[in-house]
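The structure appears right after this line, and notes come after that.
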Amino acid sequence: MQVPAPFDYVRATSVAEALQLLERHGEEARLIAGGHSLLPMMKLRLARPDWIIDINDLDELRHVTVDGGLLRVGALTRHADLLDSEEVGRLFPIVHDAERVIADPVVRNRGTIGGSLAQADPAEDLTTVCDVLRAEVVVAGPAGERTVPMAEFHRGPYETACGQNELLVEVRFPVRAGQGSAYEKVERRVGDWAVAAAGAAVVLADDGTIAEAAVGLTALGLEGLATDAAAALVGQRPGEEAFAAAGRLAAEASAPVEDGRGPVDYKRHLADELTRRVMRTAVARAGALTAVPGG
Amino acid sequence: MTTVQDRSAMPQEREPNPALSDPDRPIGYGRVQRKEDPRFIRGRGRYLDDIVLPGMLHGAILRSPVAHARLVSVDTTEALAHPKVRAVVTGKDLEGLNLAWAPTLSADVQAVLATDKVRFQGQEVAFVVADDRYAARDALELIDVEYEDLPPVVDARRALDPGAPVIRDDKEGQTDNHVFDWEAGDAAATDAVFARADVVVSEEVVYPRVHPAPMETCGAIADYEPVEGRLTLYETSQAPHAHRTLFAMVAGIPEHKIRVISPDIGGGFGNKVGIYPGYILAVVGSIVTGRPVKWVEDRSENLMSTSFARDYIMRGEVAATREGKILAVRTTVLADHGAFNATAQPTKYPAGFFSIFTGSYDLEAAHCSVTGVYTNKAPGGVAYACSFRVTEAVYLVERMVDVLAAELAMDPAELRLKNFIRPEQFPYRNKTGWEYDSGDYEPAMRMAMDRIGYADLRREQAERRDRGELMGIGVSFFTETVGAGPRKHMDIVGLGMADGAEVRVHPTGKAVVRLSVQTQGQGHETTFAQILAEELGIPPEDIDVVHGDTDNTPFGLGTYGSRSTPVSGGAVALAARKVKDKARLIAAAMLETRPEDLEWEKGRWFVAGDPTVGKTIAEIALGAHGTVALPEGVDGNLDAEVTYDPPNLTFPFGAYICVVDVDPGTGKVHVRRFVAVDDCGTRINPMIVEGQIHGGLADGVGMALMEFIGFDEQGNCLGGSFMDYLIPTAVEVPDWETGYTVTPSPHHPIGAKGIGESATVGSPPAVVNAVVDALAPFGIRHMDMPCTPARVWAAMQGRPTPPV
Amino acid sequence: MQVSMTVNGTEVSRDVEPRQLLVHFLRETLGLTGTHWGCDTSNCGTCVVLVDGVPVKSCTQLAAMTAGHEVRTVEGLADGGTLDPVQQGFMEEHGLQCGFCTPGMMLTARALLDRQPHPDETTIREAISGQICRCTGYATIVRSIQWAAAHPAAAPSDQEVRA
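Chains as they are written, first to last, in the UniProt record's numbering: chain A, 1 to 295; chain B, 1 to 804; chain C, 1 to 163.
And the structure:
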């Protein structure tokens with residue numbers, strides 16, 4: 001069995017201590033939470049930190065709360081915790097859609113939302129989910145906390161606004177009344193990274209037209225939201241025609257690369273297909289909410 | 001005189017034996033819980049990596065990062081300076097010991113450690129022995145190797161091009177990448193039938209490279225004792241006796257001083273048949289350091305360097321009448337054997353038993369020719385539950401019959417029913433020389449069709465097609481040839497393919513049976529106890545099954561090719577019958593009667609006409625070891641040993657039907673249902689038989705939909721971890737629906753045919769046929785495995801491209 | 001470094017390398033070889049143990065990270081001489097062949113049944129979908145877990161084997 005190269009281990013007991021440790025050990029230190037991205041890389045010796053700072057004891061970072069108009073999710077919240085939260089599923093069904101297809105159930109017991117976002121793998125699902133929901137992330141650093149919109153946090157594959165001496169502490173999702181959302185992924189097998197995936201969130205106007213829309217793509221080479229697709233939806237009456245237009249624009253915005261999961265034309269087709277599917281589901285969910293009196 | 005005699009002389013009421021009539025607790029065949037399970041469910045199995053010997057060191061192998069390169073230098077200075085490193089072995093060191101190259105199981109040689117060139121990515125270059133496994137891994141990074149890149153041969157179709165780089169320039173006289181040509185059947189007769197046939201269909205059918213990937217990887221612990229020159233070798237081996245003999249030949253250690261122990265094996269599927277360089281390196285490491293050395297490969301090493309399976313590019317052709325009578329099948333095959341010809345198959349069969357590609361059909365003629373080539377890929381070829389290439393043969397013919405059905409616009413099940421070998425034709429000699437022992441195909445096919453509701457499914461399919469939904473129904477019918485094999489025809493490196501069994505009934509009537517075959521999860525400890533129980537009437541729980549240790553078991557070739565029950569099972573039954581015959585002589589002496597006056601019921605000889613007077617096996621055993629006056633020529637035990645040379649192979653068969661739904665928007669295949677009707681002759685433990693089938697069905701879904709070892713143009717392996725080599729989980733497979741018929745083998749002592757590989761052989765064509773059937777609205781007649789979403793979608797766009 | 005944790009109800013404390021994986025701590029430092037391993041990439045689930053009652057891949061967790069937590073391995077499934085119903089179910093329904101993935105499968109099954117005593121087939125299949133079995137084709141594993149759900153009372157181990 002492959003094993004990591006030697007390193008020193010230290011366990012942080014508070015966010016402040018974790019930040020001090022990051023400051024002290026600099027570039028050679030890596031934080032570990034779930035460890036399911038970092039440890040396999042270390043076994044392959046593609047990552048060889050000198051210091052591992054374990055933040056699993058930071059209970060203050062493991063919470064799911066609705067606070068005013070915000071759903072606040074601590075960075076150390078496990079994928080399984082999010083799936084277990086009925087409130088998350090009710091407010092943001094897209095999160096449950098995505099969580100159900102992230103890795104596998106055992107990995108989800110350890111993997112964290114903060115770890116997923118900070119790793120920023122291009123095939124990682126929660127970045128798209130957070131983009132679509134216009135989430136903000138809270139980053140703690142030597143100078144205190146700062147709040148970064150998702151669009152600014154995620155800077156590209158494996159690259160985020162979180163500095164080496166900083167720690168992602170919370171993700172905040174604005175709660176929108178009447179919002180419907182959905183995520184769908186094509187994978188070769190359960191536990192595989194996405195061949196492609198799409199996420200969408202919509203709010204319907206009183207007249208039934210689309211008041212707000214956001215569309216995001218995973219593993220399709222698009223950074224940030226598919227803004228043209230979303231723009232084409234706003235003001236439209238939901239239906240196959242509108243969804244097809246959005247799908248076409250999402251596919252145009254995508255820039256997939258060929259790999260073992262499929263060729264470019266297939267992936268671009270999936271951008272279209274999955275955009276239409278998540279729009280259908282998101283609109284149906286939004287419709288169900290507005291159809292219920294007081295919903 | 002003795003108590004035993006006195007007691008038996010007493011008049012006894014004969015009570016029905018509840019044990020014999022209780023179906024929940026059979027003494028003999030029937031559903032019995034496995035004897036091996038109590039240790040496994042407590043985590044008390046003893047697998048190779050669980051074994052710790054005093055003073056044991058750990059080995060790790062440095063492997064080539066490139067597919068083809070000249071080895072310029074290997075600098076081990078820094079690694080040797082590591083404080084925990086005890087030895088570093090290179091190809092140069094092995095050359096000095098004449099161990100740099102080892103013979104393969106197919107009359108070729110394979111580099112133990114590279115000396116001149118590396119010939120595939122993952123090839124063994126150096127071996128480190130260190131105090132612990134972490135340090136051994138660390139030291140690999142301290143070895144400096146200089147490679148001079150050479151152009152690789154990756155595409156087997158280009159391997160024989162003039163000017164293709166010669167991979168095996170180590171072999172004297174080798175000027176190209178050709179390994180062998182082999183053919184079977186009558187080419188002229190086949191061509192003649194094709195020339196006059198109404199209909200000929202032709203298709204290139206690729207069975208891509210896959211890997212058995214047992215959950216436990218391969219490994220060895222070598223413990224060389226220098227004073228007496230004894231080697232104890234713990235190995236993940238499916239064939240411990242064959243390994244011992246080969247080690248004696250390779251390493252020059254006398255065979256009687258080698259003991260091979262194969263402990264609990266965490267799955268084999270053919271992957272643990274070969275002798276890998278790592279095993280030899282563990283031995284070298286132990287000799288060099290004077291301490292036991294453990295080497296266990298990691299998953300990438302397993303997937304990148306040990307025996308892969310398949311890799312056959314087949315051109316299949318079928319000739320038929322317009323009414324759907326299949327007349328002939330012919331095929332030419334390009335076989336990718338990788339960098340060394342290390343397949344494990346009988347000497348005279350370089351393409352294994354591929355010539356069973358005539359399938360289950362009564363043909364007028366058949367012919368195949370197979371060309372093997374070297375490429376810059378890992379060596380191997382058979383493995384992964386393939387029954388010596390029967391997998392490729394069945395896949396070819398069952399795919400081609402569906403292509404013919406499409407051409408004739410006939411139902412594929414009906415087309416098969418029309419062409420089956422009829423029951424009265426058995427034993428049936430096919431056009432490539434096999435003698436099928438027994439079969440009754442139509443009832444199995446009908447049962448499968450009934451179980452799945454074939455007619456209703458076809459109706460449902462038509463309705464769904466009208467709605468634009470893609471539903472497919474795939475049929476396959478296979479006949480295997482397993483239980484290799486008769487020694488007059490079959491050997492592996494000169495060793496006849498027989499197996500031994502040794503039975504001892506202890507004085508108290510408990511028994512031990514010793515086997516030459518080696519379980520990897522098949523439940524031998526239970527099945528073989530049941531065979532003995534059936535023959536002698538000793539309850540299975542009173543029988544110990546010993547295997548996996550060459551010091552304690554008779555010689556035999558081991559477990560692969562579904563041969564344990566057909567070969568060793570025959571040996572056990574015949575040994576039991578020897579015991580029974582001997583027991584009759586002893587019982588007669590005890591009862592002071594003539595042996596011919598005794599009759600047998602399970603577990604007991606009794607006086608014909610007076611069932612109250614008799615002797616149980618336990619009583620006879622005590623008598624044999626006691627003071628009973630034994631007849632002339634009968635010695636004082638109840639033991640027997642048999643080496644079974646099967647007169648023929650056995651021919652299990654089955655009918656499989658698979659239903660899939662394909663997502664038209666994504667190409668994703670969902671296996672909705674799978675019905676498998678198997679006939680393996682006599683069923684010893686139905687629970688174990690079903691388990692073997694279930695596992696093979698999952699293999700088939702895996703290969704059909706996702707398993708694939710691919711390479712890029714530089715020869716980099718693209719399936720070198722479980723992130724890329726995908727194996728189905730519980731979510732991708734359905735709840736299997738099984739049925740069975742029983743057509744015993746007429747030549748086998750207990751009529752059993754073997755079941756280990758039937759489902760792995762029979763299921764891939766059922767799944768692929770279902771996918772292709774689903775894609776019929778797109779005019780698709782064939783697509784190759786693996787049917788991943790992307791590849792299915794490409795087929796829907798009219799681009800059903802081969803995977804290699 | 002010194003690492004202390006509770007393993008199968010017993011407090012253990014050992015001096016290990018910071019990089020030691022939990023699977024090696026269990027197998028090699030403690031000699032609990034019932035936990036197996038099958039890959040390097042956290043895909044196969046052979047190494048699953050329960051940490052604080054939750055299934056975890058012990059190849060993807062450092063022993064150091066586990067300090068202060070409770071680990072349960074296959075050796076801790078039976079309660080003295082009494083088998084866990086899951087163990088019984090695996091024997092009854094032929095949920096194992098080579099036995100290599102079995103400890104991880106049984107521990108995941110135990111955790112599932114603790115949360116959800118009567119899961120349906122889909123739930124069971126999803127729960128074990130992070131773990132690969134190469135022998136059984138999964139149907140008998142599903143049935144084994146269903147057997148355990150239907151027989152929640154543990155059975156004495158001396159009645160477990162009839163053959």
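Glycine residues also receive a C-beta, built at the ideal position from the N, C-alpha and C atoms. Predicted model, so just to flag it, every value in this text is computed and none were measured.
{"Query": "DSSP three-state label for G287 of chain A, please.", "Result": "helix"}
{"Query": "Pull up the distance between the alpha-carbon of F651 of chain B and that of S562 of chain B, whole angstroms please.", "Result": "11 Å"}
{"Query": "How is I586 of chain B classed by DSSP in three states: helix, strand or coil?", "Result": "helix"}
{"Query": "At what residue ranges does the region 495-552 of chain B contain a whole run of the alpha helix (DSSP H), taking only runs of 4 or more?", "Result": "524-536"}
{"Query": "At the 8 Å Cβ level, is T33 of chain C part of the contact set with chain B, yes or no?", "Result": "yes"}
{"Query": "Mind listing the chain C neighbours of T115 of chain B? Cutoff is C-beta to C-beta under 7 Å, in chain order.", "Result": "Near T115 of chain B there are no residues of chain C at all, since even the closest Cβ is about 29 Å away, more than 7 Å."}
{"Query": "What residue range is occupied by the uninterrupted alpha helix (DSSP H) comprising R196 of chain B?", "Result": "A187 to R196"}
{"Query": "Let's test the definition: count the other Cβ atoms within 10 Å of the Cβ of H94 of chain C and tell me whether it reaches 16, buried, or not, exposed.", "Result": "buried"}
{"Query": "In whole angstroms, give me the CA-to-CA distance for K431 of chain B and Q530 of chain B.", "Result": "37 Å"}
{"Query": "For the region 264-286 of chain B, which residues have a CB atom closer than 9 Å to at least one CB atom of chain C, in sequence order?", "Result": "D264, I265, G266, G267, G268 and F269"}
{"Query": "With 7 Å as the C-beta to C-beta threshold (strictly closer), list the residues of the region 787-800 of chain B near chain A in chain order.", "Result": "T788, P789, A790, W793 and A794"}
{"Query": "Is I102 of chain A closer than 8 Å to A75 of chain A when the C-beta atoms are compared?", "Result": "no"}
{"Query": "Should A455 of chain B go down as buried or exposed, given a rule of 16 or more other Cβ atoms within 10 Å for buried?", "Result": "exposed"}
{"Query": "Which residues in chain B have a C-beta closer than 9 Å to the C-beta of H36 of chain C? List them in chain order.", "Result": "G43, G45, Y47, D49, D50, M215, E216 and G266"}
{"Query": "So does the region 700-718 of chain B actually touch the region 412-431 of chain B, counting three or more Cβ pairs closer than 8 Å?", "Result": "no"}
{"Query": "If you count every other CB in all the chains shown that lies within 10 Å of the CB of D207 of chain A, and 16 or more means buried, which is it?", "Result": "exposed"}
{"Query": "Do A571 of chain B and G500 of chain B have their beta-carbon atoms positioned less than 8 Å apart in this structure?", "Result": "yes"}
{"Query": "Following the continuous beta strand (DSSP E) through T236 of chain B, name the residue where it begins and the one where it ends.", "Result": "Where T236 of chain B is concerned, there is no enclosing beta strand (DSSP E), given that its DSSP letter is neither H nor E."}
{"Query": "Any C-beta of chain A sitting closer than 8 Å to the C-beta of M783 of chain B?", "Result": "no"}
{"Query": "Which stretch, first to last residue, makes up the alpha helix (DSSP H) that contains D773 of chain B?", "Result": "S758 to A774"}
{"Query": "Identify every run of the beta strand (DSSP E) within the region 90-160 of chain B, keeping only runs that are complete inside it and at least 3 residues long; order them along the chain.", "Result": "101-103, 109-111, 124-130 and 144-149"}
{"Query": "Identify every residue that forms a DSSP beta bridge with C368 of chain B.", "Result": "B:A184 and B:T331"}
{"Query": "Check each residue of the region 86-115 of chain C: if its Cβ is closer than 8 Å to any Cβ of chain A, include it; give the result in chain order.", "Result": "T108"}
{"Query": "Quick check: what's the CA-CA separation for R514 of chain B versus R291 of chain B?", "Result": "31 Å"}
{"Query": "Please classify G433 of chain B as buried or exposed, where buried requires at least 16 neighbouring CB atoms within 10 angstroms.", "Result": "exposed"}
{"Query": "Note the first and the last residue of the continuous beta strand (DSSP E) segment covering G316 of chain B.", "Result": "Y312 to A320"}
{"Query": "Can you tell me where the alpha helix (DSSP H) with Q87 of chain C in it begins and where it stops?", "Result": "P85 to E92"}
{"Query": "Please check the pair H241 of chain B and S516 of chain B, which I expect to be a contact at CB under 8 Å, by giving their CB distance rounded to whole angstroms.", "Result": "6 Å"}
{"Query": "Just to confirm my understanding: we take A608 of chain B, look at its own chain, exclude 5 residues before and 5 after, and list those with CB closer than 6 Å. What are they?", "Result": "D597 and E599"}
{"Query": "Which of the three DSSP states is assigned to E203 of chain B in this structure?", "Result": "strand"}
{"Query": "In terms of residues, what are the limits of the alpha helix (DSSP H) holding G199 of chain A?", "Result": "No alpha helix (DSSP H) contains G199 of chain A, which is instead part of the beta strand (DSSP E) from A196 to L204."}
{"Query": "Relative to the C-alpha of H524 of chain B, which residue among B:S286, B:V689 and B:H82 is closest?", "Result": "B:V689"}
{"Query": "By Cβ distance, which residues of its chain are closer than 8 Å to A5 of chain A, with the 5 residues on each side in sequence left out?", "Result": "M42, R45 and R48"}
{"Query": "I need the straight-line Cα distance from residue 805 of chain B to M56 of chain B, nearest angstrom please.", "Result": "The question about residue 805 of chain B has no answer, for chain B in this structure spans 1 to 804."}
{"Query": "Go to S181 of chain A, then tell me how far its beta strand (DSSP E) extends in each direction, as first and last residue.", "Result": "Q179 to V186"}
{"Query": "Could you check if H256 of chain B is buried or exposed, using at least 16 other CB atoms within 10 Å of its CB as the buried criterion?", "Result": "exposed"}
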